[in-house]
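*Asks:*
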Amino acid sequence: MAEHKISTKLLRHRLNRGLRFLFIALTIAFILVPILLLFKISVSAPQDILTQHPPFLIKNFTWNHWKKVFAAGHIWVPLWKSTVVATFVAVLGVLIAAPAAYVISRLPRNIKYGVLLAIFSTRMFPEVGIALPISVTFVRWGLVDTNLGLVLAHLIKVLPLMAWIMTGTFDSIPKDLEQAALVDGCDKGQALLKVVLPLSMAGMAAGSILCWLESWNEFTYAVYLCLAESTLPIKTYYYVRRGNWFESAAYAVFLTIPVMIVTFVLQNYLKSDYLSGALKY
6 MAEHKISTKL LRHRLNRGLR FLFIALTIAF ILVPILLLFK ISVSAPQDIL TQHPPFLIKN
66 FTWNHWKKVF AAGHIWVPLW KSTVVATFVA VLGVLIAAPA AYVISRLPRN IKYGVLLAIF
126 STRMFPEVGI ALPISVTFVR WGLVDTNLGL VLAHLIKVLP LMAWIMTGTF DSIPKDLEQA
186 ALVDGCDKGQ ALLKVVLPLS MAGMAAGSIL CWLESWNEFT YAVYLCLAES TLPIKTYYYV
246 RRGNWFESAA YAVFLTIPVM IVTFVLQNYL KSDYLSGALK Y
C-alpha cells in the first residue's frame, strides 16, 4: 500500500513536471518561431520563399535584402527618432511617476486603491479615440512631427503603468526605515534621498525599461503625429504596405534587435522580485 502511494506520487510529480516543460516549450516556440521566420525570409532568395512548398531551412542565404534597406538610407532617421523618443519617455516617466507614486503609496488603503483604479482606467480607452483629439490639439500647438509632441503622447500611455509599478515598489519599503532616519536626525527630504530612493532604484529601473519598450514599439500615436519623420514601426508598416516582404522582414528583424539587447542587458531588473510589490494590486 505504501509503495503504491509512493509510485502514484512519483507519477504525479513526473506528470506535472512534464506538463510544465511542455508549457515552457510551447511558450518559447510561440515567441521565437515568428522571429525566426522573419529572419529566414529576410536572408532567403525570393525563389525559395515565393513557391508552393518553401524549404524548411534556408537554402540560398543572402544579405541582399538587408543591403537594400541600409543602402536606401531610410533607416537611420527613424532609428534615431525612435531611440531619442523612447529614452526621453523612459527618463521623464520615472521623474514624473515616482513622486506621484510615493504620495499614492502613503495614502490610506481605501483611497490608494481608488486613485490607482482611476489612473489605470485611462488605459481602458482605445488609443485611436485618444490619438485623434490629441493630434488636433498638437496641430494647434505646433507639436506635430516633433520629438516633443511624440514624447508627450507616449507619456500619456506609459505614466499609468509606471505609477502602478512604482506604487508597489514604495509599498514594499517599510515605513519604519523612514521613521528611523527621521529619529537619527534626517529631515523628510534627506530620508527620501538617503533611504527611500536607493531602495526604490530597482523598481525605477524595471519601470523605465518597460516604458522604453512601450515607446519603442508604439504605433498608433506615431501614425497621427509623424508626417515627415517617422519612427521605426511606421517605416516597417511602409515597407509592408508596398508589398515587399523581404525588405519588410529585414526591417522588422532590425526593429527587434535593440529590444532584445536592452532586455538581455537589463533582464535582472525585470525579475519578479523587483515587480512583486506591484503585483499586490
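Start counting at 1 in the sequence shown, then tack on 5, and there's your number in this note's numbering. Glycine included, each C-beta is placed from N, C-alpha and C at the ideal position.
Under 8 Å by Cβ, that's how I've got L182 and V156 pegged, so tell me the actual separation to the nearest angstrom.
*Replies:* Position 177 of the sequence shown, counted from the first residue, corresponds to residue 182. Position 151 of the sequence shown, counted from the first residue, corresponds to residue 156. Incorrect: roughly 34 Å between the Cβ atoms, too far for contact.
*Asks:* For F66, does the three-state DSSP call read helix, strand or coil?
*Replies:* For this step, residue 66 is matched to residue 61 along the sequence shown. F66 falls in the strand class under three-state DSSP.
*Asks:* Contact criterion: CB-CB distance below 8 Å. Does G248 meet it with respect to chain B?
*Replies:* Structure shown: chain B not included; a single protein chain is present.
*Asks:* Give the straight-line distance between the Cα atoms of V74 and L271, rounded to the nearest whole angstrom.
*Replies:* One-based indexing of the sequence shown puts residue 74 at position 69. One-based indexing of the sequence shown puts residue 271 at position 266. Distance between the alpha carbons of V74 and L271 is about 29 Å.
*Asks:* Run through DSSP, which three-state label would S49 get?
*Replies:* As a first step, residue 49 must be located in the sequence shown, where it is residue number 44. If DSSP states are grouped into helix, strand and coil, S49 belongs with the strands.
*Asks:* Considering just the uninterrupted stretch of the alpha helix (DSSP H) at D181, what are its terminal residues?
*Replies:* Residue numbering aside, residue 181 sits at position 176 when the sequence shown is read from its first letter. Here the alpha helix (DSSP H) through D181 covers 180-188.
*Asks:* Go through its chain and collect everything with a Cβ distance to P238's Cβ below 6 Å, but skip five positions before and after it.
*Replies:* For the purposes of this step, residue 238 is identified with residue 233 of the sequence shown, where counting begins at 1. Taken in chain order, the residues that qualify are F224.
*Asks:* Our contact map puts I63 next to V48 with C-beta atoms below 8 Å; I'd like the distance itself, whole angstroms only.
*Replies:* For the purposes of this step, residue 63 is taken as the residue at position 58 of the sequence shown. For the purposes of this step, residue 48 is taken as the residue at position 43 of the sequence shown. Contact holds; Cβ gap of about 6 Å.
*Asks:* Check whether the Cβ atoms of A196 and A186 lie closer than 8 Å to each other.
*Replies:* Counting from one through the sequence shown, the residue named residue 196 turns up at place 191. Counting from one through the sequence shown, the residue named residue 186 turns up at place 181. Closer than 8 Å, so yes.
*Asks:* Using a threshold of 8 Å, state whether the C-beta atoms of G98 and M167 are closer than that.
*Replies:* Sequence index remark: in the sequence shown, residue 98 carries index 93 (1-based). Sequence index remark: in the sequence shown, residue 167 carries index 162 (1-based). Contact flag set, yes.
*Asks:* Extract the residue ranges of the alpha helix (DSSP H) inside the stretch 131-178, only unbroken runs of 4 or more that lie entirely within it.
*Replies:* List check, alpha helix (DSSP H) in window: 132-146, 152-176.
*Asks:* Hey, T174 and S205: beta-carbon distance below 8 Å or not?
*Replies:* By 1-based counting over the sequence shown, the position of residue 174 is 169. By 1-based counting over the sequence shown, the position of residue 205 is 200. It is a contact, given that the beta carbons lie within the stated cut-off.
*Asks:* Three or more C-beta pairs closer than 8 Å, one from the stretch 107-119 and one from the stretch 209-217: is that the case here?
*Replies:* No, the stretch 107-119 is not in contact with the stretch 209-217.
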